[in-house]
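Trainee: Numbering-wise (my numbering), the sequence shown opens with residue 7 and increments by one. Structure below; questions to follow.
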Amino acid sequence: MPAGLGLSLVIGLGDQYAADRLGVVFATYAHLPTGLLVPFFLLVFFPNFLLRKLAPSWALQNAELLVVFAMGLVASMAPDWGITRYLVSAIASPAYYASPENRWDEYLIPYLPSYAYLSPQGDAVRGFFEGLRPGQTIPWGAWVVPLFWWVSLIGAVLLVGACLVVIFRKQWVEYERLRFPMGEVALRLIGQTEEADGGTRLWRNGLFLTGFGIVFTMMGWNCISYWGVWPRFPIMPPDLVAITVHPSFPTIPIYFNIYVIAFAFFAPAEILFSLWVMQLFGIAEQGVLNLLGVASTSQGVVPAGLVGIQFMGGILVFVGWMVWIARRHLKDVWQTILRRSTRLDDTEELFSYRGAIAGFLLGSAYILFWLHRIGVSLPVGFVFLIVFYIFYLALARVTAESGLVMAELTEKPTSLPWASLVRPTLHRLIW
């Protein structure tokens, strides 16, 4: 679809330019980012609204708008926080930050495969971090091979994620009937759904338009206040208020995040209640541990210390329980794959269950092969993959059920394999 392709190009190039040149660092941070919503409404939705009034035959229908929105959402995964912020720095950083003090030239760079990282020789690394000299062209040749291998890894990860979505979609959507607040927001804004009593659509609702106008005015006011014209409304992260209960307790940052509040409106009240109650419980736990002389946080393998280990344990139990609830559906999926049952109809899925399992296995095998080629042993790589899939399912379930548009995990999937396999081995080698 031309409109979807055009929007994807604007998002992919515009969001990256905004991050690199304009300092807009959070355009792609959220799961439903402003770097998607703003271009979609300015370039697609509102012009299409005018077309419906002036030239209805040229206007897109609601289903087509959803396709354009979905294409833009996929495109928003790449710029800045999505991929490029980490990808490009991972390729170039080892060679640039090597110094006589850290001795990376001796202990790190010789063990990095040359096809996955930039070489310290040449001007590619220095030109990337410090800028090109006048008249110097971009050394694309030095980047082609590393980018190819890293993009192939990203493609395998996306394939595995899509396969997991196919396997669990029916369980979450049809059996458990999760709310998917972020999806509901998109449907309501586009006008795909009606109110239960047959009322008017969202854009014809006076209360919605009033709230939209207030927030839009506040944000526009803040944009102009950037040049010091007038004071701004305290609705941004720099305006947070830090509350300190006791020196041993973590500070509690509080600020008025309109974006999060808007999506929380569509989330179940029980989940919202649990979130802030458990957040307060975690703060109290860290404070009590500190008062008892037990470090609740550290800068070791698991940065969050005991609380981080507790978090990983909770994730394992959460995903285990989620899989247990879905056991009948997963059994039916397996029976469908073996063609022993026709109970499940996979014709409406992105691809068949057999294709999903095949894609999951092939993608996982390639990821494991890729990790092994850059120096990760097979046992560590295998454990990492399992933990990565557990974390992926946990975050997907949390965002699908709660609508936390800025949710992220406090620990990385590498923490558990490192703590359980790598560090004990290093300890034995050293001592």
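We put the beta carbon where it would ideally sit given N, CA and C, even for glycine.
Would you say the stretch 136-149 touches the stretch 366-373, given that touching needs at least three Cβ pairs under 8 Å?
Mentor: No, because fewer than three Cβ pairs between the stretch 136-149 and the stretch 366-373 fall closer than 8 Å, the two stretches do not touch.
Trainee: List in chain order: all unbroken beta strand (DSSP E) runs of 3+ residues lying wholly within the stretch 58-136.
Mentor: Fully enclosed beta strand (DSSP E) runs of 3 or longer: not present.
Trainee: For residue 186, collect the residues of the same chain with a Cβ closer than 7 Å to its Cβ; drop the 5 residues on either side in sequence, then sort them by chain order.
Mentor: As a first step, residue 186 is located in the sequence shown; it is residue number 180 there, counting from the start. Answer for residue 186: 406, listed in chain order.
Trainee: Please state whether DSSP places residue 247 in a helix, a strand or coil.
Mentor: Indexing the sequence shown from 1 puts residue 247 at position 241. Reduced to three states, the DSSP call for residue 247 is strand.
Trainee: What does DSSP give as the partner residues of residue 277 in its beta bridges?
Mentor: Residue numbering aside, residue 277 sits at position 271 when the sequence shown is read from its first letter. Residue 277 pairs with nothing; no bridge assigned.
Trainee: Grab me the residues of residue 39's own chain with a C-beta within less than 7 Å of its C-beta, minus the 5 sequence neighbours each way, in chain order.
Mentor: Locating residue 39 in the sequence shown gives position 33, where the first residue counts as 1. If we look at residue 39 and ignore the five residues flanking it on each side, its Cβ neighbours are 33 and 82.
Trainee: Quick one: measure Cβ to Cβ for residue 123 and residue 144, integer angstroms, because I've assumed they're closer than 8 Å.
Mentor: Numbered from its first residue, the sequence shown carries residue 123 at position 117. Numbered from its first residue, the sequence shown carries residue 144 at position 138. About 18 Å separates the two Cβ atoms, so there is no contact after all.
Trainee: Which of helix, strand or coil does DSSP assign to residue 241?
Mentor: In the sequence shown, residue 241 corresponds to position 235, counting from 1. Note: residue 241 maps to coil in three-state DSSP.
Trainee: Going straight from the alpha carbon of residue 388 to that of residue 315, what length do you get?
Mentor: Residue 388 sits at position 382 when you count from the first residue of the sequence shown. Residue 315 sits at position 309 when you count from the first residue of the sequence shown. Answer to the nearest angstrom: the Cα atoms are 20 Å apart.
Trainee: Let me know if residue 252 comes out buried or exposed under the rule of 16 or more other beta-carbons within 10 Å of its beta-carbon.
Mentor: Locating residue 252 in the sequence shown gives position 246, where the first residue counts as 1. So residue 252 counts as exposed.
Trainee: Quick one: what does DSSP say residue 202 is sitting in, helix, strand or coil?
Mentor: Residue numbering aside, residue 202 sits at position 196 when the sequence shown is read from its first letter. Bear in mind that a pLDDT of 44 at residue 202, under 50, signals an unreliable position, so the model cannot answer this.
Trainee: Residue 187 by DSSP, collapsed to three states: which one?
Mentor: Counting from one through the sequence shown, the residue named residue 187 turns up at place 181. Helix at residue 187.
Trainee: Tell me whether residue 7 is buried or exposed, calling it buried when 16 or more other Cβ atoms sit within 10 Å of its Cβ.
Mentor: On the sequence shown, residue 7 is found 1 positions in, with the first residue counted as 1. That one is exposed.
Trainee: Going along the chain, which residues of its own chain have a beta-carbon closer than 6 Å to the beta-carbon of residue 159, five neighbours each way excluded?
Mentor: Residue mapping note: residue 159 aligns to position 153 of the sequence shown, counting from 1. So the list reads 376, once near-sequence residues are dropped.
Trainee: Identify the continuous beta strand (DSSP E) that holds residue 396 and give its terminal residues.
Mentor: For the purposes of this step, residue 396 is identified with residue 390 of the sequence shown, where counting begins at 1. First-last for residue 396: 384-408, but that is the alpha helix (DSSP H), not the beta strand (DSSP E).
Trainee: To the nearest angstrom, how far is it from the Cα of residue 337 to the Cα of residue 176?
Mentor: Sequence index remark: in the sequence shown, residue 337 carries index 331 (1-based). Sequence index remark: in the sequence shown, residue 176 carries index 170 (1-based). Their backbone Cα atoms lie some 13 Å apart in a straight line.
Trainee: Apart from the five residues just before and just after residue 17, which ones in its own chain have a Cβ nearer than 8 Å to its Cβ?
Mentor: As a first step, residue 17 is located in the sequence shown; it is residue number 11 there, counting from the start. Around residue 17: 41, 42, 45, 78, 81, 82 and 85.
Trainee: Tell me, please, which residues DSSP counts as bridged to residue 260.
Mentor: By 1-based counting over the sequence shown, the position of residue 260 is 254. In DSSP, residue 260 forms a bridge with 247.
Trainee: Between residue 262 and residue 289, how many whole angstroms is the CB-CB distance? I'm expecting something under 8 Å.
Mentor: Your numbering for residue 262 matches position 256 in the sequence shown. Your numbering for residue 289 matches position 283 in the sequence shown. About 20 Å separates the two Cβ atoms, so there is no contact after all.
Trainee: Is residue 196 closer than 7 Å to residue 71 when the C-beta atoms are compared?
Mentor: Along the sequence shown, one-based indexing puts residue 71 at 65. Along the sequence shown, one-based indexing puts residue 196 at 190. Going by C-beta atoms, residue 71 is nearer than 7 Å to residue 196.
Trainee: Got a sec, what are the start and stop residues for the alpha helix (DSSP H) residue 179 sits in?
Mentor: Position 173 of the sequence shown, counting from 1, holds the residue named residue 179. Segment: none, residue 179 is in no alpha helix (DSSP H) and carries neither H nor E.
Trainee: From residue 61 to residue 213, what does the alpha carbon distance come to, in whole angstroms?
Mentor: The residue given as residue 61 occupies position 55 in the sequence shown. The residue given as residue 213 occupies position 207 in the sequence shown. About 29 Å.
Trainee: Looking only at its chain, what residues have a beta carbon closer than 7 Å to the beta carbon of residue 9, apart from the 5 residues adjacent to it on each side?
Mentor: Position 3 of the sequence shown, counted from the start, is the residue given in the question as residue 9. Closer than 7 Å at the Cβ level, and outside the excluded window around residue 9, lie 50, 66 and 74.
Trainee: Flag this pair as yes or no: are the beta carbons of residue 359 and residue 380 separated by less than 7 Å?
Mentor: Locating residue 359 in the sequence shown gives position 353, where the first residue counts as 1. Locating residue 380 in the sequence shown gives position 374, where the first residue counts as 1. Their beta carbons are not under 7 Å apart, which means residue 359 does not touch residue 380 by this criterion.
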